[in-house]
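Protein chains in written order, with my numbering: chain H, 1 to 216; chain E, 1001 to 1309.
All C-beta atoms, glycine included, are put in the ideal place defined by N, C-alpha and C.
Treat the numbers as computed from the prediction; the structure is a model and nothing was measured.
One structure is given here, and the rest of the page talks about it.
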């Protein structure tokens, strides 16, 4: 079980809370949807669960243990924009193999051409690069996967292709999947259950604006 | 108002040393837009949607060569004419506030756009007042910097940049991804309004769902070519002509969510025949022989020899 226990998060002592007392549990093999309007802290919650940020209060545990701080993290996060999650100076081959050599069957299912491997990230389109980012986390050491608007920038056919292979991996390896999306129909198709963060918005629009105005 | 036929865009690249290679990224692209109409352009990334916008605005890179014809209001669009029309008769609504000057207040930026089209300072000022009131942007928003806008406000400011001009043709490039459904709806209704005023609108998107909400017609691009131009109602009524359009429609999560396997052919290895032949369920020998021509079938246009009337 991946558990977020009473998670609170803010960027500094004087800053407003972005995540306020959220708890959630994902079981292995389960697909959980997460839906909320912008500004409700969905992405921050994803980052907390994957260990990109540490919660100000509360804990994230896997089978009762805190997330490891060294080595391959069993909770992996895939962002909306793949350009920001790869090293621009590495060739695709090196990016793919950073953690593990991916199974050629999955590369084929995701439609990764062998011709791409010698290129640099800027020589692939956004949709092509996102497949690389996904192939990279379909790794036997991944126990939980968090997909933050993973296919929002892709056309419908590519979106369906990618989810087909991710779902087959989830079922085969019995990993837990959290899908963060705005699209109700997509969540309905993919998820066993969907959580709506509609209650207690973490930030109102005004406080976003206040927070961003620089204090000089 | 706008008619594009057989547009081709070829890039010349240096392969190794001085050896050059030609990369054809757009082949036989056709599209026409009437005034008062929203035409959506949908397709996967790499299908040539954004390049079309760049060609219309005359901002393709120097190593690009254009073939075919583009006519705007009856006259040919030459690179020189593109340059004099862009921002005036043809305007772009960019994708995000990233395209605005981060160090300039938004009111001043929109006013500058109006002044660049030839308005005097006073006219530009009233123009900005009028558009900001029209889009419910309070007075104090004018003094904000782009990063201080919420997602919805940012969209309205970007629409304002096109509305203060007298542009007859407005191109909106991917205005909706990753936005909350309410903001998407609002942005789309603004685009529809522009068409109702008599302008022509090209909505470039990969989101068919969004496109169908406001478009009159939908052009589907695949690997740099127009495979189908259909009326928006054809999607729901199952009147689609091209196998790729049908596949795209079936793969939506609210429909069957069933994709066709495979990828768009890369521009380095375009097949000699139909560009969709390697993924097509209807493929036969004729498909590999030559590229199908765009032809009229059931009141729409399709580039497939198997489509039946």
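Neighbouring residues, chain H, relative to residue i (Cβ below 7 Å)
{"i": "residue 1257 (chain E)", "result": "160 and 189"}
{"i": "residue 1260 (chain E)", "result": "157"}
{"i": "residue 1254 (chain E)", "result": "185"}
C-beta atoms of residue i and residue j nearer than 7 Å
{"i": "residue 1012 (chain E)", "j": "residue 1020 (chain E)", "result": "yes"}
{"i": "residue 1135 (chain E)", "j": "residue 1096 (chain E)", "result": "no"}
{"i": "residue 189 (chain H)", "j": "residue 1102 (chain E)", "result": "no"}
{"i": "residue 1068 (chain E)", "j": "residue 1221 (chain E)", "result": "no"}
{"i": "residue 1100 (chain E)", "j": "residue 1111 (chain E)", "result": "no"}
{"i": "residue 20 (chain H)", "j": "residue 61 (chain H)", "result": "no"}
{"i": "residue 1162 (chain E)", "j": "residue 1059 (chain E)", "result": "no"}
{"i": "residue 1225 (chain E)", "j": "residue 1029 (chain E)", "result": "yes"}
{"i": "residue 7 (chain H)", "j": "residue 48 (chain H)", "result": "yes"}
{"i": "residue 192 (chain H)", "j": "residue 31 (chain H)", "result": "yes"}
{"i": "residue 1037 (chain E)", "j": "residue 1216 (chain E)", "result": "yes"}
{"i": "residue 1207 (chain E)", "j": "residue 1245 (chain E)", "result": "no"}
{"i": "residue 44 (chain H)", "j": "residue 9 (chain H)", "result": "yes"}
{"i": "residue 78 (chain H)", "j": "residue 133 (chain H)", "result": "yes"}
{"i": "residue 1192 (chain E)", "j": "residue 1171 (chain E)", "result": "no"}
{"i": "residue 131 (chain H)", "j": "residue 110 (chain H)", "result": "yes"}
{"i": "residue 1105 (chain E)", "j": "residue 1129 (chain E)", "result": "no"}
{"i": "residue 1300 (chain E)", "j": "residue 1233 (chain E)", "result": "no"}
Enclosing alpha helix (DSSP H) for residue i [first to last residue]
{"i": "residue 1037 (chain E)", "result": "Premise fails: residue 1037 (chain E) is in no alpha helix (DSSP H) and is neither H nor E."}
{"i": "residue 1249 (chain E)", "result": "1243 to 1250"}
{"i": "residue 1172 (chain E)", "result": "Where residue 1172 (chain E) is concerned, there is no enclosing alpha helix (DSSP H), although the beta strand (DSSP E) it sits in stretches over 1169 to 1173."}
{"i": "residue 1368 (chain E)", "result": "The structure shown has nothing for residue 1368 (chain E), since chain E only spans 1001 to 1309."}
{"i": "residue 1148 (chain E)", "result": "Run containing residue 1148 (chain E): none; DSSP gives neither H nor E here."}
{"i": "residue 188 (chain H)", "result": "184 to 190"}
{"i": "residue 1235 (chain E)", "result": "1233 to 1236"}
{"i": "residue 1166 (chain E)", "result": "Looking at the DSSP string, residue 1166 (chain E) is not in any alpha helix (DSSP H), and its letter there is neither H nor E."}
{"i": "residue 1185 (chain E)", "result": "1181 to 1196"}
{"i": "residue 1143 (chain E)", "result": "Neither: residue 1143 (chain E) is in no alpha helix (DSSP H) and is coded neither H nor E."}
{"i": "residue 1288 (chain E)", "result": "1285 to 1289"}
{"i": "residue 1115 (chain E)", "result": "1106 to 1116"}
The beta strand (DSSP E) enclosing residue i, as first and last residue numbers
{"i": "residue 193 (chain H)", "result": "193 to 196"}
{"i": "residue 23 (chain H)", "result": "19 to 26"}
{"i": "residue 178 (chain H)", "result": "176 to 180"}
{"i": "residue 1295 (chain E)", "result": "1295 to 1297"}
{"i": "residue 33 (chain H)", "result": "31 to 35"}
{"i": "residue 4 (chain H)", "result": "2 to 9"}
{"i": "residue 1305 (chain E)", "result": "Note, residue 1305 (chain E): premise wrong, no beta strand (DSSP E); not H, not E."}
Neighbour list for residue i in chain E, Cβ cutoff strictly below 9 Å
{"i": "residue 155 (chain H)", "result": "1042, 1043, 1044, 1045, 1047, 1206, 1207, 1208, 1248 and 1251"}
{"i": "residue 182 (chain H)", "result": "1178, 1179, 1180, 1181 and 1184"}
{"i": "residue 105 (chain H)", "result": "Correct list: empty, because the minimum Cβ distance to chain E is about 13 Å."}
Proximal chain H residues relative to residue i, where beta-carbon distance stays under 9 Å
{"i": "residue 1074 (chain E)", "result": "Within 9 Å Cβ-Cβ: nothing; residue 1074 (chain E) doesn't reach chain H, min ~34 Å."}
Any non-hydrogen atom of the ligand MG closer than 6 Å to residue i Cβ
{"i": "residue 42 (chain H)", "result": "Annotation note on the ligand MG: not contained in the displayed structure, which lists no ligands."}
Cross-chain neighbours of residue i in chain H, by beta carbon under 8 Å
{"i": "residue 1263 (chain E)", "result": "111 and 113"}
Proximal residues of chain E, C-beta to C-beta of residue i below 8 Å
{"i": "residue 41 (chain H)", "result": "Under the 8 Å cutoff, chain E gives no residues; its nearest Cβ is about 14 Å from residue 41 (chain H)."}
{"i": "residue 64 (chain H)", "result": "Simply none; closest approach about 35 Å."}
Beta-carbon neighbours of residue i, restricted to chain E and to distances below 7 Å
{"i": "residue 164 (chain H)", "result": "1259"}
Practice task
Would you mind listing the beta strand (DSSP E) stretches within the segment 118 to 162 of chain H that are 3+ residues and don't spill past its ends, in chain order?
Solution key: 144 to 148
Problem - Those runs of the beta strand (DSSP E) which lie wholly inside the segment 1011 to 1098 of chain E and span at least 3 residues - result: 1019 to 1033, 1038 to 1042, 1064 to 1072 and 1090 to 1093
Handout entry: Inside the segment 1205 to 1229 of chain E only - alpha helix (DSSP H) runs reaching at least 4 residues
Key = 1208 to 1214
Problem - Contact residues within the segment 1167 to 1192 of chain E, judged by C-beta distance below 9 Å to chain H - result: 1174, 1177, 1178, 1179, 1180, 1181, 1182, 1183 and 1184
Practice task
Return the residues of the segment 1143 to 1159 of chain E that lie within a Cβ-Cβ distance of less than 7 Å from chain H, sorted by chain order.
Solution key: 1147, 1148, 1150 and 1151
Handout entry: Contact set between the segment 18 to 37 of chain H and chain E, restricted to residues whose Cβ is under 8 Å from the partner
Key = When C-beta distances to chain E are compared with 8 Å, the residues of the segment 18 to 37 of chain H below that value are 37, in chain order.
Handout entry: Any beta strand (DSSP E) of 3 or more consecutive residues that is wholly inside the segment 47 to 122 of chain H
Key = For the segment 47 to 122 of chain H, whole beta strand (DSSP E) runs of length 3 or above, ordered along the chain, are 57 to 62 and 75 to 78.
Exercise for the section: Quick one: which residues of the segment 117 to 146 of chain H get their C-beta closer than 9 Å to a C-beta of chain E? List them in chain order. Expected result: 125, 126, 127 and 128
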